[in-house]
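Colleague: Going by mature numbering (1 follows the signal peptide of the UniProt record, and there is no 0), the letters in the sequence shown line up with residues -33 to -1, 1 to 349, in that order.
Glycine residues also receive a C-beta, built at the ideal position from the N, C-alpha and C atoms.
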Amino acid sequence: MKNRSSFGRLLASVLPTTALVAGLMGAAFSAQAQIVVGQTNGITGQVAASVKELNLGAKLYIDHVNATGGVNGQKIELVALDDAFDPKRTAANAQTLIDKNAVALFLTRGTPHTQAVMPLLDKYQIPLVAPSTGAMLLHKPVHPYIFNVRSTYQREAERAVQLLLEMGNQRIALVQVNDTFGTDAASGALKGLADQKVKPVAHLTFDREKPDVPNLIKQVMAADPQVVLFIGSQQLVADCINGMRTAGSRAMVSTLSNNASAGFLQLLDKNAAGVIVSQVFPNERTMSMPMVREITELVKKAPESGGVVTPAIMEGFASAKVLVEALKRAGKDVNRGSVTRALNGMGKYDLGGLEISFSPNDHTGATYADIAIIDPRGRFLR
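(1) Note down, one range per segment and in chain order, each alpha helix (DSSP H) of at least 4 residues found wholly within the segment 178 to 255.
(2) Report the option in T334, L235, R346 and Q201 whose CA atom is closest to the CA atom of E123.
(3) Excluding five sequence neighbours on each side, which residues of the same chain lie with their C-beta closer than 6 Å to the C-beta of N209?
(4) Would you please state the rounded distance, in angstroms, between the beta carbons of G319 and P257? I believe it to be under 8 Å.
(5) Measure the C-alpha to C-alpha separation of V220 and M211 and round it to an integer number of angstroms.
(6) How many angstroms separate the CA atom of V128 from the CA atom of I198?
(7) In whole angstroms, what is the alpha-carbon distance linking G332 and G215?
(8) Quick check: the segment 188 to 207 against the segment 138 to 149, are at least 3 beta-carbon pairs closer than 8 Å?
(9) Could you check the C-alpha separation between residue 382 and G345 for me, to the nearest Å?
(10) Could you check where the alpha helix (DSSP H) with Q92 kicks off and where it finishes?
(11) At a Cβ threshold of 7 Å, is G314 touching chain D?
(12) DSSP three-state label for L318, please.
(13) Can you round the beta-carbon distance between L105 and Q6 to whole angstroms, since I take them to be within the 8 Å contact cut?
(14) For the beta strand (DSSP E) that contains T172, what are its first and last residues?
(15) Excluding sequence positions up to five away, which residues of its chain have a Cβ less than 7 Å from the Cβ of N33?
(16) Give the DSSP-derived three-state secondary structure of S118 in the structure shown.
(17) Using the beta-carbon count (16 or more within 10 Å), is N328 buried or exposed?
(18) Taking the beta strand (DSSP E) that residue 350 falls in, what are its first and last residues?
(19) For P178, count neighbouring C-beta atoms within 10 Å of its own C-beta (all shown protein chains included) and say buried if the count is 16 or more, exposed if not.
(20) Quick check on DSSP: helix, strand or coil for D151?
(21) Contact defined as beta carbons within less than 8 Å: I believe V306 pairs with P94. What is the distance between those atoms, to the nearest angstrom?
(22) Does DSSP put F52 in a helix, a strand or coil?
(23) When the distance is taken between beta carbons, is L27 closer than 7 Å to A190?
(24) Could you give the C-beta distance for M45 and A25, rounded to a whole number, given that I count them as a contact under 8 Å?
(25) Buried or exposed for R217, going by 16 or more other Cβ atoms inside 10 Å?
(26) Rounded to whole angstroms, what is the Cα-Cα separation between L234 and A205?
(27) With distances taken from CA atoms, which of A339, E282, R349 and V301 is nearest V116?
(28) Name the DSSP bridge partner or partners of T334?
(29) Buried or exposed for V195, please, with buried defined as at least 16 other CB atoms from any protein chain shown within 10 angstroms of its CB.
(30) Quick check: what's the CA-CA separation for N182 versus L171?
(31) Distance check for V96 and I113, CA to CA, integer angstroms please.
(32) Return the residue from the list I341, T11 and A153 that minimises the CA-CA distance to D236.
(33) Just how far apart, CA to CA, sit A61 and Y91?
(34) Which residue marks the beginning of the alpha helix (DSSP H) containing I29, and which one marks its end?
(35) Leaving out five residues on either side along the sequence, give the residues of the same chain with a beta carbon under 7 Å from the beta carbon of V180.
(36) Pull up the distance between the alpha-carbon of R296 and that of A227, whole angstroms please.
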């Protein structure tokens, strides 16, 4: 974690993945799709901007692997369906992908959404690789078919609160969505506060489907916090931050890594500078790391990326590296069982500066957590 003085210095369209709608499912599962991997996430809806970057990072690596011989001579077909950030659609999409013989599911987005898929994982014994959520319920108890890549929300929320307290803030307000994601992440934040014998000046919840943003802002302003930690999706969090600034609040704001994307910056526009955002992957500008150099070169060749590596692109890329390594280790007969066995045997695998480790008794993957602050040029500085 950054110390107080170093952080004080920092304070100063097209879908990018193989996206197919239901009417094109037949073409998606053509004879050329030798290894089918299924994906369902919010291509449209509240998290569309960050999902776009997640999917781009994954697509860049999978396209690169396919262009250089594939996996043991076989090409990977990543079939992505839009669930519009609706858990019911997530489950329906997953069933469709399973029915079409996907060997694995990949990079779901959202805690309730991943929960909706869990019964299908057990029923069909199909692995889910790299869900884009840090919910503790995906880590403990160990789920036999869920293989996490990112760190937990509890860990990053606790570290965010530690940083805010180190900076001298005592009046901290906590605002969370009232779903399993919000409850899980908030528990980490509350632990960080309790460890220092600090209570939040306000602990507010909002409905994920029908949030009352004006009333939420009014309650936050009434609490007069020095800093507000928002736990929610990017559109909602951006709406609240923008609303606070319009209302005249200069309180510091912080949020979690699910909002670490260029899309979030665009939603904030002029209000982005100074926002603190947790990170669960290494600094995307640390060129001494092989993984960063690798994704940087691929991004340069992708016009839709704007030539910039974002934290969300990094997450998609790292997740795809884990998926591809499992497919390689599965051997010539790539099926759900062989992929699951390969993942369980993936101990201390180096992605290029970030180590991932799985075993039958541990599916956490990585525990990396850091903090960034958005600078006036829209960069995540650490």
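Modeller: Concretely, from the data shown:
(1) 180 to 190, 201 to 213 and 229 to 235
(2) Taking the sequence shown and counting its residues from 1, the one referred to as residue 123 is at position 156. Cα-wise, what sits closest to E123 is T334.
(3) Counting from 1 along the sequence shown, the entry for residue 209 is found at position 242. Closer than 6 Å at Cβ, skipping near neighbours: N238.
(4) Here residue 319 is taken as the residue at index 352 of the sequence shown, counted from 1. Here residue 257 is taken as the residue at index 290 of the sequence shown, counted from 1. Yes, they are in contact, since the Cβ atoms of G319 and P257 sit about 4 Å apart, within 8 Å.
(5) Stepping through the sequence shown from its first residue, residue 220 is reached at position 253. Stepping through the sequence shown from its first residue, residue 211 is reached at position 244. Spanning the two alpha carbons is a distance of roughly 10 Å.
(6) Stepping through the sequence shown from its first residue, residue 128 is reached at position 161. Stepping through the sequence shown from its first residue, residue 198 is reached at position 231. Answer to the nearest angstrom: the Cα atoms are 12 Å apart.
(7) Stepping through the sequence shown from its first residue, residue 332 is reached at position 365. Stepping through the sequence shown from its first residue, residue 215 is reached at position 248. Spanning the two alpha carbons is a distance of roughly 42 Å.
(8) yes
(9) Residue numbering for the chain in the displayed model covers -33 to 349; residue 382 lies beyond these limits and cannot be assessed.
(10) Locating residue 92 in the sequence shown gives position 125, counting from the first residue. Here Q92 belongs to no alpha helix (DSSP H), and DSSP marks it neither H nor E.
(11) Absent here is chain D; the protein component of the structure consists of one chain.
(12) Your numbering for residue 318 matches position 351 in the sequence shown. Three-state result, L318: coil.
(13) Looking up residue 105 in the sequence shown gives position 138. Looking up residue 6 in the sequence shown gives position 39. At roughly 17 Å, the Cβ-Cβ gap does not stay under 8 Å, so L105 and Q6 are not in contact.
(14) Position 205 of the sequence shown, counting from 1, holds the residue named residue 172. Run containing T172: A169 to F173, per the beta strand (DSSP E) assignment.
(15) As a working note, residue 33 is residue 66 in the sequence shown. The answer, listed in chain order, is K42 and I43.
(16) The sequence position of residue 118 within the sequence shown is 151, counting from 1. In the structure shown, S118 sits in coil (DSSP, three-state: anything other than H, G, I, E or B).
(17) Taking the first residue of the sequence shown as position 1, residue 328 is located at position 361. Exposed, by the Cβ-count rule.
(18) For the chain, the structure presents residues -33 to 349; residue 350 sits outside this window and is missing.
(19) Here the question's residue 178 lines up with position 211 in the sequence shown. Per the 10 Å Cβ criterion, buried.
(20) Position 184 of the sequence shown, counted from the first residue, corresponds to residue 151. Helix.
(21) By one-based count along the sequence shown, residue 306 stands at place 339. By one-based count along the sequence shown, residue 94 stands at place 127. Confirmed, Cβ separation roughly 5 Å.
(22) Walking along the sequence shown from the start, residue 52 turns up at place 85. Three-state DSSP puts F52 in coil, outside helix and strand.
(23) For this step, residue 190 is matched to residue 223 along the sequence shown. For this step, residue 27 is matched to residue 60 along the sequence shown. Contact: no.
(24) Counted from its first residue, the sequence shown places residue 45 at position 78. Counted from its first residue, the sequence shown places residue 25 at position 58. One detail in the question is off: residue 45 reads as Leu in this sequence, not Met. About 7 Å; that satisfies the 8 Å criterion.
(25) Sequence index remark: in the sequence shown, residue 217 carries index 250 (1-based). Exposed, since its Cβ has fewer than 16 Cβ neighbours within 10 Å.
(26) Position 267 of the sequence shown, counted from the start, is the residue given in the question as residue 234. Position 238 of the sequence shown, counted from the start, is the residue given in the question as residue 205. So the two alpha carbons sit approximately 6 Å from each other.
(27) Sequence index remark: in the sequence shown, residue 116 carries index 149 (1-based). Here the closest residue by C-alpha is E282.
(28) If you number the sequence shown from 1, residue 334 lands on position 367. T334 is not bridged to any residue.
(29) On the sequence shown, position 228 is the one that residue 195 refers to. That one is buried.
(30) Here residue 182 is taken as the residue at index 215 of the sequence shown, counted from 1. Here residue 171 is taken as the residue at index 204 of the sequence shown, counted from 1. Using only the alpha carbons, I get a separation of about 11 Å.
(31) Here residue 113 refers to the residue found at position 146 when the sequence shown is read from its first residue. Here residue 96 refers to the residue found at position 129 when the sequence shown is read from its first residue. If you take the alpha carbons of I113 and V96, they lie about 6 Å apart.
(32) Mapped onto the sequence shown, residue 236 falls at position 269. Taking only the C-alpha atoms, the option nearest D236 is I341.
(33) Translated into positions along the sequence shown, residue 61 becomes position 94. Translated into positions along the sequence shown, residue 91 becomes position 124. Distance between the alpha carbons of A61 and Y91 is about 11 Å.
(34) By 1-based counting over the sequence shown, the position of residue 29 is 62. Where I29 is concerned, the enclosing alpha helix (DSSP H) stretches over A15 to A34.
(35) Along the sequence shown, read from residue 1 onward, the residue named residue 180 stands at position 213. The residues are D206, C207 and G210.
(36) For the purposes of this step, residue 296 is identified with residue 329 of the sequence shown, where counting begins at 1. For the purposes of this step, residue 227 is identified with residue 260 of the sequence shown, where counting begins at 1. Approximately 31 Å, taken between the alpha carbons.
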